[in-house]
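In my numbering, the protein residues as written are 74 to 381.
Ideal placement from N, C-alpha and C gives every residue a C-beta, glycine not left out.
Computed from a predicted model, the values in this text were never measured in an experiment.
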């Protein structure tokens, strides 16, 4: 187990390093950030002095080495726009994204798992067709379009919900629906497929032959054995919610990490972009590590492989 954890943590460090390296060089293709923060009529000499103070006049390898040295200490520099520590700024926005992401994930689970099970146990019936039809529709509708439609009907026309921002429980409703719709659709289809795969297995037939109630057969036997691919997708989606919330946070003016990252990209605020990528990549890889460890509880064969 210890060797496995060390190996996975080393992989996590490698993924984070490669992600930061790629983003470090890619963001510099967007142009000179100095020109966005200075008046149009400023003298060339003043521009050069500002670039020198920020370190942009140094050769790129020197900038990269300085960046790696700071990143190893968790220091990504000062935001060019907000004039504050970039990592502190990112960590201030992270809770809002996590709250929205977890709420959307709970909504996706509460919708998709029952729909997937009902579709599997009523295969070929109207329940199955309606459930899977809704899942296909949920995957097909673009999130930005759904968000705009919800704002138009429930905020502009009916005045039931606030158009955006973060406040009381009503502010969560529309962003959660938009963020959960696509993931719930994928999870419902996978749940149906996984449950169908195990319904014909011998242990399920044996449980039914013993006279167990169908509810117990499904929940205690079929669902647990069908849970591995569901957990895999759930783990991937949990990590993707951090990045996938960008569009949702932008539409609903949600003060989270995704919206901050978009604003930083538009403003060429390199320190904030790199700090955000660091937090997202670390969170994503650690969630995947947690999912791998959860396999041991769901599948004893995996637990033996990890222990070895």
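Let's see if you can read the secondary structure: which residues bound the alpha helix (DSSP H) around residue i?
i: residue 216; result: 216-223
i: residue 281; result: 275-282
i: residue 269; result: 243-272
i: residue 139; result: 133-145
i: residue 205; result: 199-213
i: residue 116; result: Element bounds for residue 116: n/a, residue is neither H nor E.
i: residue 292; result: Premise fails: residue 292 is in no alpha helix (DSSP H) and is neither H nor E.
i: residue 338; result: 330-339
Which residue or residues does DSSP assign as beta-bridge partners of residue i?
i: residue 158; result: 151
Suppose contacts are defined by Cβ-Cβ distances below 7 Å. Is residue i in contact with residue j by that definition?
i: residue 362; j: residue 81; result: yes
i: residue 149; j: residue 359; result: no
i: residue 211; j: residue 254; result: yes
i: residue 186; j: residue 264; result: yes
i: residue 322; j: residue 331; result: yes
i: residue 257; j: residue 303; result: no
i: residue 248; j: residue 173; result: yes
i: residue 193; j: residue 268; result: yes
i: residue 345; j: residue 96; result: no
i: residue 169; j: residue 273; result: no
i: residue 204; j: residue 188; result: yes
i: residue 354; j: residue 100; result: no
i: residue 333; j: residue 230; result: no
i: residue 251; j: residue 197; result: no
i: residue 107; j: residue 126; result: no
i: residue 341; j: residue 85; result: no
i: residue 281; j: residue 208; result: no
i: residue 352; j: residue 335; result: no
Any heavy atom of the ligand SAM closer than 6 Å to the Cβ of residue i?
i: residue 121; result: What this structure holds is no ligand at all, so the ligand SAM is not there to describe.
If you pair each beta-carbon of the stretch 292-311 with each one of the stretch 209-224, do three or more pairs fall below 8 Å?
In short, these stretches do not touch, since the Cβ pair count stays below three.
Quick check: the stretch 226-240 against the stretch 161-168, are there 3 or more CB pairs under 8 Å?
The stretch 226-240 and the stretch 161-168 do not touch, with fewer than 3 CB-CB distances between them shorter than 8 Å.
Tell me the start and end of each unbroken beta strand (DSSP E) in the stretch 161-190 that is at least 3 residues and wholly inside, in chain order.
Under the rule that a run must span 3 or more residues, no beta strand (DSSP E) segment is found entirely inside the stretch 161-190.
Would you say the stretch 135-154 touches the stretch 284-292, given that touching needs at least three Cβ pairs under 8 Å?
Contact fails: fewer than three Cβ-Cβ distances are below 8 Å.
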